[in-house]
Every structure is written in C-alpha cells, then in structure tokens.
Amino acid sequence: MRVKTGKRKKRIIILLAIVSVIAVFFIVQYILCSNAVKAGYARLETYNHKEIKLSYGTMTYVDEGSGDVILSVHGMSGGYDQAFDTVANRVGTNRVIAPSRFGYLGSDVPEAPSPKQQAKAFVELLDLLGIEKVHLLATSAGGTVAIRFALDYPERTNGLILYSSAAPLTAKPESYAEYAGPPEFLCSNFGMWLLSPFFEPIMGMESDVIHTMLPVSERREGMILDARQVNPDMARNFDEYDIESLQVPTLIFHAKDDKMADYTLMEQAAGRFPYSTFISFGTGGHLMSGHGGEIDNALDAFIEGSYSS
C-alpha cells in the first residue's frame, strides 16, 4: 500500500508541476501579448489617418502624397496601416489613398457587406475626395475587391495592380469553402499571438509580423467578414467575375513560394486578364521580400504606360 501511495503522490506532484509550467507559460505570454497590443495601438497613432462619413457609416483612411493616385486595398488582418505601408515608398511620386475596408480599424460595416458593396464604398470615398480615377493596388484578399472595382467601375480605373493577390478561378467550381480564413477563436489578440511562432511554417512569414497585425481586436470583424464573404466571393459568384471583359491594364506580381496566395492559381488565371503583365519571383513569399526595387521600377513603367496607352 505504501508503494502505491508513494507512486500516486509522485504522479500528482509531476502533474502539478506540468500544470504550473503551463500556467506560467500562459501568464507570461499574456503579459507579453498585452504589452504588444499597447504598442500596436501606439503604432496606429503614428499614421495620419482620417475619418469620413459615407452613406452607410464611417470609413477610416490615410491620404498622403501628390501625383497620380494609387488606391491601396489591403488584405486580411489589415487596415489603413497595412494599406499605406505597402506603398509608403510611393508617396514621393504618387498620392496614396489607403482606406480600411469594412470592419477594419474603425471602418463601419453596412447591412449587406460584399466586395461589390466595398467597391461602391470606395467610389463614394473618391467622390468626396474629388478623385476621378485611380490605380488600384491590392494585396491578398484585397484583390477580390480590386477586381470587382475594376469590373464595375472601369471609368474610374487607370490600372489594376495585383500584389500577392487572391486569384480568380479558371472554371466554375462544383464546390467551395463557405468560410476561408482563420477560425474565429484565432481572430483575437491572444489567439493570434499564440499562433505567431508558427507563422513561418504556416504562412511563410517571420513571427514578428504579428506586430503589424496587433491589435487584432480592432480588425476581428473585418477578418471574419473576409473569411465569410470576400474570400469565397470569386467562387460563389463565379459568373459575375467576367475577367475577360476587363477594360483596364493589369500588372500582376507573385512569388512562387507564396504560402498564403497560391502561385499556381494566379499563374493559371493570368491568361484571363486581357491586358496583363505577369511578373513572378522565385522567392520572397507572400510579402515578396527582397524585390522592392524590381517592383518599384515595374510600377513606374506600368503607371506611366497606363496613361500613354
């Protein structure tokens, strides 16, 4: 009996030790996450962001620079900060309009949100800013919205630039994912913080990318909306995405090792765009790291060519 009692006590001690280690781990991670969230809020305040009242509610945006206008359309987990950062180096050459899409960083969500409604909201924004035409530059999930905009408002579009973008399909699918994004429980500050050490194997990004996503709590509504509405839209409404009818020139950038937006799908879809240039990179991942100079030169040529063509 004494032997059994001793073994039982030993197991309890080991179990308590394991629970204690796990508890300490989560407490430490929560403290680190809380500090990172505070830093995230402080970082957002460094952007000269504005609010504007549209027919359905408020949209937040950054408006910097002068010259030919680029409307930057961010991807999932983005906002005006990521939209601006993608093309911040263009401010000396272009006027950059970087809005937060529905549900991101202070931008309201209308009753029936969809990529079509988001494109319409962008037109409202441009009207109020007195901007007639733009070059759309879209990353990741934002590509769906930008393509929708170019299809619905060709008269407002000088050119379409797809940057590690979601790709239209080449044929109508028999089935598709109704929800295409991270589980809702991960669309939170702590959930995404705990996931960040696995960003490299899952998304091909360094774990410190989490600092560009925090506070996730201010992006959660938009992330879930993207997963439910935006990401499935080109499959769900395949017939409404008549890519072959696009009337604007298109420039496509994509890295072959992109783990977030499948390169093969975009390579196959590129032929659907009537007036397109496809520039691929062997490396760089979803952020196309290491190719800033090449991308910038291609943007210069494309934007200039859009006016001369």
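Read in order, the letters of the sequence shown are residues 28 to 336 in the working numbering.
Glycine included, C-beta positions come from ideal geometry on N, C-alpha and C.
Return the CA-CA distance between residue i and residue j, expressed in angstroms with no decimal places.
i           : j           : result
residue 205 : residue 250 : 14 Å
residue 45  : residue 106 : 40 Å
residue 318 : residue 37  : 57 Å
residue 81  : residue 157 : 14 Å
residue 57  : residue 216 : 10 Å
residue 136 : residue 145 : 9 Å
residue 43  : residue 254 : 40 Å
residue 263 : residue 74  : 36 Å
residue 67  : residue 34  : 49 Å
residue 186 : residue 115 : 19 Å
residue 133 : residue 48  : 38 Å
residue 63  : residue 324 : 35 Å
residue 163 : residue 203 : 27 Å
residue 322 : residue 90  : 22 Å
residue 40  : residue 53  : 20 Å
Might you give, ordered along the chain, the residues of its own chain that have their beta carbon closer than 6 Å to the beta carbon of residue i, omitting 5 neighbours on each side?
i           : result
residue 218 : 212
residue 199 : 265
residue 84  : 135
residue 304 : 278
residue 295 : 197
Determine whether the beta carbon atoms of residue i and residue j lie at a separation below 8 Å.
i           : j           : result
residue 258 : residue 208 : yes
residue 188 : residue 278 : yes
residue 16  : residue 288 : Given that the chain is displayed from residue 28 to residue 336, the structure contains no residue 16 and the question cannot be resolved.
residue 284 : residue 310 : yes
residue 142 : residue 172 : yes
residue 306 : residue 195 : no
residue 232 : residue 313 : yes
residue 92  : residue 122 : yes
residue 240 : residue 167 : no
residue 120 : residue 94  : yes
residue 177 : residue 275 : yes
Leaving out the 5 sequence neighbours to the left and right, which residues in its chain are closer than 8 Å to residue i when beta-carbon positions are compared?
i           : result
residue 152 : 79, 81, 86, 88, 124 and 126
residue 224 : 234
residue 292 : 194 and 196
residue 226 : 232, 233, 234, 236 and 237
residue 183 : 150, 153, 159, 160, 161 and 176
Give me whichever residues DSSP pairs with residue i in a beta bridge.
i           : result
residue 91  : 123
residue 268 : Answer by DSSP bridge pairing: none, since residue 268 is not bridged.
residue 305 : 279
residue 86  : 79
residue 290 : Its beta-bridge partners do not exist; DSSP assigns none.
residue 97  : 123 and 162
residue 187 : 163 and 277
Can you name, in chain order, every residue of its own chain whose Cβ lies under 7 Å from the Cβ of residue i, other than the five neighbours on each side?
i           : result
residue 214 : 243, 247, 250 and 251
residue 50  : none
residue 256 : 140 and 141
Subject >> Continuous beta strand (DSSP E) assignments of at least 3 residues falling wholly in the region 108-185 >> reply: Runs found: 122-126 and 161-167.
Original post:
Which whole runs of the alpha helix (DSSP H) in the region 37-74 are 4 residues long or more, in chain order?
Top reply: none
Subject >> Secondary structure, alpha helix (DSSP H): runs of 4+ residues fully inside the region 194-233 >> reply: 216-222 and 226-230
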